[in-house]
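Read top to bottom, the protein sequences are chains U and D.
Numbering-wise, the first sequence is residues 2 to 783 according to the working numbering.
Numbering-wise, the second sequence is residues 5 to 648 according to the working numbering.
Where a beta carbon is used, it is the ideal one built from N, C-alpha and C, also for glycine.
The structure displayed is predicted, hence computed values, not measured ones.
Have a look at the structure below before the remarks.
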Amino acid sequence: MNEITQDFRAEQELKPLVSWPFFQLDYAKCIKCMQCVRICDEVQHRAVYTVDDVGYPALVSGTSDFRDTQCNNCGQCVGVCPTGALKDLTDRGSQPKSSRHNTTTICGYCGVGCAIELESENGRVVAVNPSHTSDANIGNLCVKGRFGMDFIHHPERLTIPLIRRNGKDSPLEPTSWEEAIAFAARRFNEVKAKHGPHALAGITSARATNEDNYVFQKLIRCAFGTNNIDHCARLCHMASAVALKNAVGSSAPSASAPDVRLATAFLVVGSNTTETHPVMSSQVFKAKYESGAKIVVIDPRRIEMVDHADVWLRPKSGTNVAVLNGLAHVILKSGLANEAFISARTENWEAYKTNLEKYTPAYVEEVSGVPQDRLIDAAVIYAKADRGMLLWGMGITQHLTGVDGALAMANLSLLTGHVGKPGTGFIPLRGQSNVQGASDMQGQHNALPGYHSITDPQDRAKFEKAWGVPMPEDQFLSVVQLEEGAIRGDIKAMYIMGENPMGSSPDLAEVEHGLKALDLLVVQDLFLSETAALADVVFPVASFAEKDGTFTNTERRVQLLRKAVEPPGEARADWEIVCELSKAMGYEMNYDSPAAIMAEIASLVPSYAGMLHERLGEGGLQWPCLDISHPGTRFLYAESFPTPTGKASFSMVDQIDSGADATDDKYPLNLNTGRLLEHYHTGTMTRRSRGLDHMRPEGEVDVHPEDARRFGLEDGRMARIITKRGSIEVKVKVTDRTPEGAIFYPFHFGEAPANRLTGAKYDQASHTPAYKRTAARLERID
Amino acid sequence: MNLTVATNGKDSFDATQDQNREAGEPAAICSIVIDGRPLTSEADRTILEAAKRAGIDIPAMCADPRIKPTGDCDLCLVAVEGLADPVKACMTSVRDGMSVSTVTDDLKARRKLRLNEYLTNHNAYCEPPCQSACPAGIDIAGYIELITQKKYVEATALIKEMLPLPGILGRVCPRPCEDPCRRRQIDGEPVAICALKRFAADKAVETGLPTQLEPKPPTGKRIAVVGAGPAGLSAAYYLALEGHNVVLLESEKEPGGTLRFGIPSYRLPNSVLDQEINDILSLGVELRVNQRMGTDYQIETLREQGFDAVFLSIGAMIGKAARICGENAQGVMPAVEFLARVNWGERVDLGKRVIVVGGGFTAADAVRTARREGASDVTMMYRRTREEMSAAAHEVHECEVEGVRFDLLAAPVSVTVHKGRAIGIIAQRMELGEPDASGRRRPVPVPGSEYFTPADTILMAIGQDVDGAALNESHLSLNRWGHIAIDESTMMTNLPGVFAGGDCATGAATVVEGVGAGRQGAYAIHAWLNGADERGIANAIRKRKPQFFDIGASAKSAAKMAHMPVLDPEKRVSAFRNSGHVGPVDNDGAFAEVELGFTEEVALQEAERCLLCRCQASGACKLQSLSLEYGASTTEYKGMEAGK
């Protein structure tokens with residue numbers, strides 16, 4: 002080095018590249034291996050890094066702040082740095098990495114199910130590394146998984162049971178476990194004695210483990226004696242589940258992450274994959290940039306995936322079915338339908354074919370605003386591909402016609418034969434770590450574990466024998482119906498595990514009304530959530546890092562959670578609390594570990610029959626896994642469909658303008674709600690993560706520049722969003738990400754909750770609420 | 005459920021090639037040899053992947069299966085039979101019949117060269133310089149960071165992973181760690197590492213919470229540790245934690261060795277000593293006092309008693325002779341003897357005028373103790389200057405505060421004796437010449453400069469020897485200085501199962517070196533008991549660290565080191581007894597602890613000064629592990645010539 006570069010280096014040493022508060026690049030330790038630059042470019046595909054004239058990593062912005070670039074703090078660069086030049090600033094450890102304790106477990110956030118390593122010391126999780134053990138993430142992580150785990154040791158964690166001893170007006174006071182359990186059990190039994198078992202209900206969580214969910218539904222059916230149980234999958238993908246059950250005989254996603262990496266064409270519909278499932282998104286990019294796969298995005302918002310798409314269709318909200326039928330129409334008319342597959346593997350073809358006639362590109366353009374040539378391009382890309390893959394999200398399901406949308410997706414897969422082969426199929430992307438498992442464990446539409454029918458005498462007999470009590474016979478009620486039941490007074494007592502309806506359910510004013518009207522509300526949670534604050538008894542629980550168990554991810558992959566640290570204070574694992582309560586209510590449940598619960602599940606649910614904890618460590622197993630030597634199943638339907646005839650069925654679905662909550666003069670805008678990269682669900686965890694909340698401390702409403710002008714709004718100023726249900730005050734972000742006439746607002750922010758605005762209308766077949774369409778208007782606040 | 009099953013292609017190592025297999029397109033198989041092992045591999049794999057799958061690790065800095073290989077790191081070079089030059093394993097596909105060597109002398113040399121080059125660009129410490137300098141290897145940055153978080157119990161527990169006597173060392177350690185502290189490059193003064201250690205330990209004691217682990221399950225092995233000084237206590241502690249049954253044999257009536265009768269209680273209160281020794285004994289260590297080796301038992305006796313191994317840590321407690329005329333006269337005694345008598349509670353009247361010969365810790369302890377025993381005119385006679393004294397600077401300062409006179413550049417020539425009793429010393433002026441082996445400038449006598457200084461007592465503090473009487477062993481090898489001869493890499497003596505460490509093996513050294521040696525001895529014995537050979541033992545106790553240039557410090561704002569609050573000198577000196585006083589010296593007054601310890605506020609401020617030089621990635625860093633493996637270092641790199 003000559004003097005000039007010496008001086009330059011000296012200057013650089015003083016100025017590391019910083020992505021506050023997540024990581025920094027310290028030049029003193031950099032050996033110019035360029036791993037950071039390349040993983041960002043080759044895996045994340047973001048314009049962040051470049052190389053400076055002396056060969057060091059630099060930022061494309063020319064500054065030293067990552068915020069000036071497209072960096073979204075995934076920290077993949079930190080993970081590959083071989084020298085520690087990229088330093089994790091969220092690392093709270095005191096000991097060098099080599100002397101810390103490492104626990105391989107599964108991330109508790111979205112449904113991708115990334116394997117992670119928790120580094121702990123002195124009983125605290127101090128850092129997170131990706132684990133290379135699972136095919137779900139192959140060593141990749143996003144910002145939440147890598148830097149968002151500090152909620153585990155947040156000072157607001159509940160550490161001791163709380164109880165209202167003297168009615169609703171008395172304060173929540175700390176108590177012993179003995180008193181809390183006895184109190185809850187006595188009061189549940191009182192309500193049951195007075196009003197019958199069907200006045201009791203339970204809501205469980207897609208963020209709790211399979212084992213937690215299994216014992217919870219068992220408690221509801223055996224100790225409560227009712228079928229009044231549901232969980233939050235109702236609010237997201239139940240429409241997909243119902244549709245797929247009808248179309249192909251099973252509600253499950255057919256393909257896997259390895260298939261995503263193999264696919265050569267993607268239809269990404271109503272899924273902001275890059276933000277909501279970042280690691281899945283990077284696998285789509287891998288297929289595109291390493292193997293030349295084509296991407297079609299169908300979304301009214303200009304999401305990040307649009308920048309990587311070959312074709313982007315931007316339909317008007319609520320016209321999914323028209324667009325999807327239009328694609329089918331084009332495929333059929335271009336002679337690209339897979340005749341061999343259709344005749345061998347499907348039913349109801351002729352009727353379906355006839356029904357497609359009217360969905361000409363011209364008609365579709367008229368209904369949805371999607372230009373005809375683009376529609377044709379998109380159809381050809383998907384139909385002509387060797388391996389076509391469908392990915393969809395809430396943009397399909399959270400409509401009044403959510404099931405129709407999902408059926409139209411399934412039709413496309415059957416029409417082209419893109420299912421049952423490597424690199425093909427469909428994945429409705431699950432939003433939470435264990436949506437799939439929660440559904441598998443306690444069913445949907447009144448199903449017993451493993452989708453056994455509650456009305457089928459044989460299935461009932463099987464479970465009555467296993468559990469030793471008669472199965473309840475009441476009609477199933479969904480989350481929204483249970484909440485309505487509470488308002489009406491049909492439901493008198495509710496047990497909510499790890500769920501926050503006071504943030505996630507539609508029309509919060511009504512939800513609050515209902516929960517307050519209950520005789521007894523028992524909530525178990527990590528924090529005193531908006532829902533827990535209304536409870537009569539609150540049980541403190543262990544977080545995902547503090548317990549053993551399993552999550553089933555969006556590819557049906559059952560993976561093992563391992564306890565890294567002890568829960569705070571007296572907090573206990575969900576399953577332990579549920580079993581204690583059940584015993585106190587008079588129904589014995591004794592398990593010495595989650596592994597024992599899984600063994601019982603395996604004995605009752607055939608697709609989980611080979612799922613024993615000792616087999617699930619390295620990368621897990623994908624169901625169906627039929628016995629203890631079964632290798633699991635990467636993709637479904639290779640030879641037949643699980644229907645009585647073994648064939649899948651085309652469904653005739655039509656574009657219907659439901660009319661409900663349509664915009665009018667008073668409420669001229671369509672409010673769309675959804676998620677952001679940095680936050681998760683109602684924010685109980687991510688809002689308590691220092692880094693994540695630093696990135697997104699408040700919700701902003703996306704407003705198109707034209708609408709901003711129309712309503713006199715300015716970027717960064719406050720505005721009021723008003724709907725028929727309520728209003729909230731939020732900051733305005735003027736952006737063309739959202740189309741004109743539509744606004745977008747995320748639902749993570751308890752101080753200004755999106756669901757104060759939404760209505761409790763839902764799709765009739767699945768009861769999934771129409772969160773994506775609420776008529777609204779904006780008012781400037783001065 | 006009636007679902008058709010496709011085989012799960014579960015595989016964590018994801019490369020593009022695997023996609024073909026996942027898509028059901030198998031590749032051709034070829035036979036190769038890597039490092040003499042015949043293997044088969046799909047033809048579309050690189051040598052690096054094929055080797056990894058066979059469990060052969062080829063070093064690489066830039067190979068991540070998610071990123072396309074570029075070969076930039078130049079480390080994955082391998083030799084392929086038939087090719088003159090090595091190839092990059094990450095960029096070269098396997099071929100049928102290929103024979104690959106991953107480790108050859110040529111490759112090792114190339115890799116080392118490349119790593120040296122990397123290291124010159126990598127201006128960082130893996131381990132903070134303080135930790136490298138600490139003979140016990142304490143994770144100093146770690147405990148200081150815990151102090152900043154007010155986690156004093158955890159901080160103390162972290163210290164005790166390497167050093168079982170934090171409260172004691174926090175008071176008496178000569179602080180080799182503070183010398184290289186990078187904080188000095190910013191504001192001239194190191195972080196008060198030692199004082200913070202004391203602070204954490206004292207705070208942890210206040211809480212009453214445990215700071216040490218539970219011992220592992222019993223191994224059934226019995227080990228005798230001979231000598232309950234710093235090395236012996238430390239060895240007993242770590243052996244007990246490993247589940248061994250330890251018997252600690254002590255020749256005196258109480259344990260502690262030099263800690264108890266060498267170091268005066270105004271520096272180390274007995275309460276602190278007792279507390280930490282009791283913590284060690286609480287692990288199930290059996291203490292037997294008044295057991296003098298060579299008198300009450302010998303090594304052979306211990307074997308007969310069924311001990312599986314022996315650790316000798318008998319220290320070096322006999323004051324060296326000055327070999328000058330008159331040193332056997334009445335009124336001349338070794339300083340260690342004087343200190344021992346005082347520490348055992350004896351009142352020793354030295355008269356008014358005392359000369360202590362020497363400039364080390366013992367000399368400093370002797371002059372200050374002499375003042376406390378009533379000598380009004382105390383002189384420390386040293387043949388070099390104050391800078392060369394091996395006593396810590398702050399202690400020399402305290403000597404001065406307590407009214408000790410220094411006679412520097414002076415060496416004793418003879419003791420003047422009158423009627424069998426010493427009445428003074430004839431000394432010679434010295435001047436400093438060339439540096440000697442210890443790096444200090446050698447004192448050279450100035451001819452004709454002899455002078456006389458009167459004295460009632462002369463204390464010799466010029467070094468200590470191992471007690472020859474204790475080593476009355478016929479088979480144990482000693483070296484030419486009379487120390488127990490050991491192999492430093494294994495701590496083994498010439499007798500099987502007999503290990504030694506501390507002053508008795510190295511000659512008189514510091515407490516922290518003794519404690520470090522005790523821990524090493526414990527792990528050497530543990531490895532030996534588990535069947536390790538000499539190499540295995542050496543590996544078990546070797547401390548590996550890369551050699552790096554100094555990197556300079558750039559940091560936060562300057563802040564001066566916190567100063568240890570001390571007992572008011574006026575109060576101290578007024579409590580000193582006059583000569584002729586009979587009966588014990590008042591313990592609460594004259595021998596009260598001088599250093600008072602930091603307040604929490606000061607400690608927290610001081611802890612904030614730490615630059616936390618260590619690297620988060622240490623232990624997980626590829627550059628570190630490969631540099632250690634290939635012996636790379638920055639100090640070896642020649643670099644480019646100027647002007648090129």
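According to DSSP, is S97/D part of a helix, a strand, or is it coil?
If DSSP states are grouped into helix, strand and coil, S97/D belongs with the strands.
Tell me whether the segment 406 to 417 of chain U and the segment 192 to 211 of chain U touch, counting them as touching only if at least three CB pairs, one residue from each stretch, are closer than 8 Å.
No, the segment 406 to 417 of chain U is not in contact with the segment 192 to 211 of chain U.
Secondary structure of K560/D, DSSP reduced to three states:
Unreliable positioning characterises K560/D in this predicted model, as indicated by a pLDDT of 49, which lies under 50. The coordinate reading is nonetheless provided below. Reduced to three states, the DSSP call for K560/D is coil.
Note down, in chain order, all residues in the segment 28 to 47 of chain U with a beta-carbon under 8 Å from any beta-carbon belonging to chain D.
For the segment 28 to 47 of chain U, the beta-carbon criterion of a distance under 8 Å to any beta-carbon of chain D is satisfied by A29, K30, C31, I32, K33, C34, M35, Q36, R39, I40, E43, V44.
Expressed to the nearest angstrom, what Euclidean distance is found between the alpha-carbon atoms of R573/U and F540/U?
About 8 Å.
6 Å CB neighbourhood of A310/U in its chain, flanking five on each side removed:
Close CB contacts of A310/U within its chain, under the 6 Å cut and outside five residues either way in sequence, are with I296, V298 (chain order).
With distance defined between alpha-carbon atoms, name the residue in G261/D, Q153/D, G362/D nearest to T389/D.
Selected option, being the one with the closest Cα: G362/D.
Quick check: is the beta carbon of R186/D nearer than 8 Å to any beta carbon in chain U?
It does not; no Cβ of chain U falls within 8 Å.
Consider the Cβ of I144/D: report whether some Cβ of chain U lies at a distance smaller than 8 Å.
Judged by the 8 Å Cβ criterion, I144/D is not in contact with chain U.
Does chain D have any CB closer than 8 Å to the CB of P156/U?
False, the Cβ-Cβ gap to chain D never drops below 8 Å.
Whole-angstrom distance between V559/U and G550/U, CA atom to CA atom
When rounded, the distance between both Cα atoms is 10 Å.
Given a threshold of 16 other Cβ atoms within 10 Å of its Cβ, counted over all protein chains shown, does G535/D qualify as buried or as exposed?
Residue environment analysis places G535/D among the exposed positions, since fewer than 16 neighbouring C-beta atoms fall within 10 angstroms of its C-beta.
Residues from the segment 65 to 87 of chain D in contact with chain U, defined by Cβ distance under 9 Å:
Within the segment 65 to 87 of chain D, the qualifying residues are M65, C66, D68, P69, R70, I71, K72, T74, D76, C77.
Would DSSP call P706/U helix, strand or coil?
In the structure shown, P706/U sits in a helix (DSSP, three-state: H, G or I).
The beta strand (DSSP E) that contains E120/U, what's its start and end?
In the DSSP assignment, E120/U falls within the beta strand (DSSP E) that extends over 116 to 122.
For V606/D, collect the residues of the same chain with a Cβ closer than 6 Å to its Cβ; drop the 5 residues on either side in sequence, then sort them by chain order.
Its chain contains A566 as the residues whose beta carbon lies nearer than 6 Å to that of V606/D, once the 5 sequence neighbours on both sides are disregarded; these appear in chain order.
Close beta carbons around T664/U, own chain, < 7 Å, minus the five adjacent residues each side
Only L670, N671, A776 meet the Cβ criterion.
Tell me, please, which residues DSSP counts as bridged to N673/U.
Residue pairing from DSSP places N673/U in a beta bridge opposite F745/U.
In chain order, which beta strand (DSSP E) runs of at least 3 residues are fully inside the segment 265 to 315 of chain U?
Restricting attention to beta strand (DSSP E) runs no shorter than 3 residues, the segment 265 to 315 of chain U encloses them at 266 to 270, 295 to 299, 312 to 314, ordered along the chain.
Simplified DSSP assignment, three categories, for L436/D
Assigned with DSSP and collapsed to three states, L436/D falls in strand.
Looking at the secondary structure, which residues open and close the alpha helix (DSSP H) in which W393/U lies?
Unbroken run through W393/U is the beta strand (DSSP E), 389 to 393; no alpha helix (DSSP H).
Mind listing the chain D neighbours of Q537/U? Cutoff is C-beta to C-beta under 9 Å, in chain order.
The amino acid at residue 537/U is misidentified as Gln; the sequence shows Asp. Listed along chain D, no residue sits closer than 9 Å to D537/U by beta-carbon distance, the nearest being about 37 Å off.
How close, in whole Å, do the beta carbons of G124/U and V542/U come, if the pair is a contact with beta carbons under 8 Å?
That belief does not hold up - the Cβ atoms of G124/U and V542/U are roughly 17 Å apart, past 8 Å.
Check whether chain U comes within 8 Å of E246/D, counting only Cβ atoms and requiring the distance to be less than that.
Not an interface residue.
Under 7 Å (Cβ pairs) to chain U, residues found in the segment 119 to 133 of chain D
Within the segment 119 to 133 of chain D, the residues whose Cβ lies closer than 7 Å to some Cβ of chain U are Y122, N125, H126, N127, A128, listed in chain order.
Span of the alpha helix (DSSP H), counted from its first residue to its last, around Q334/D
That residue, Q334/D, is in no alpha helix (DSSP H); it is neither H nor E in DSSP.
To the nearest angstrom, how far is the alpha carbon of R115/D from that of Y634/D?
Going from the Cα of R115/D to the Cα of Y634/D covers about 7 Å.
Nearest-angstrom Cα distance between Q628/D and V38/U?
C-alpha separation (whole angstroms): 21 Å.
When the Cα of S136/D is compared with those of G623/D, C94/D, R618/D, which residue comes out closest?
With respect to the C-alpha of S136/D, the residue from G623/D, C94/D, R618/D having the closest C-alpha is R618/D.
Answer yes or no: do L430/U and T265/U have a C-beta to C-beta separation smaller than 8 Å?
Cβ atoms of L430/U and T265/U: not closer than 8 Å.
Can you look up R839/U in the DSSP assignment and give me helix, strand or coil?
A query on residue 839/U cannot be resolved here, the shown segment of chain U reaching from 2 to 783 and no further.
Inter-residue CB distance, K98/U and Q620/D (contact presumed, cutoff 8 Å)
Between K98/U and Q620/D a beta carbon distance of about 7 Å is seen, short of the 8 Å cut, so the two are scored as contacting.
Under 7 Å: does the beta carbon of I230/U sit that close to some heavy atom of the ligand HEM?
Here there are no bound small molecules, and the ligand HEM is not part of this structure.
For E601/U and R689/U, what's the separation of their Cα atoms in angstroms?
Going from the Cα of E601/U to the Cα of R689/U covers about 36 Å.
Please report the residue range of the alpha helix (DSSP H) in which D369/D lies.
Membership of D369/D in the alpha helix (DSSP H) is indicated by the continuous run 365 to 376.
Going along chain D, which residues have a C-beta under 9 Å from K88/U?
Counting only Cβ-Cβ distances below 9 Å, K88/U has contacts in chain D at C619, Q620, A621, in chain order.
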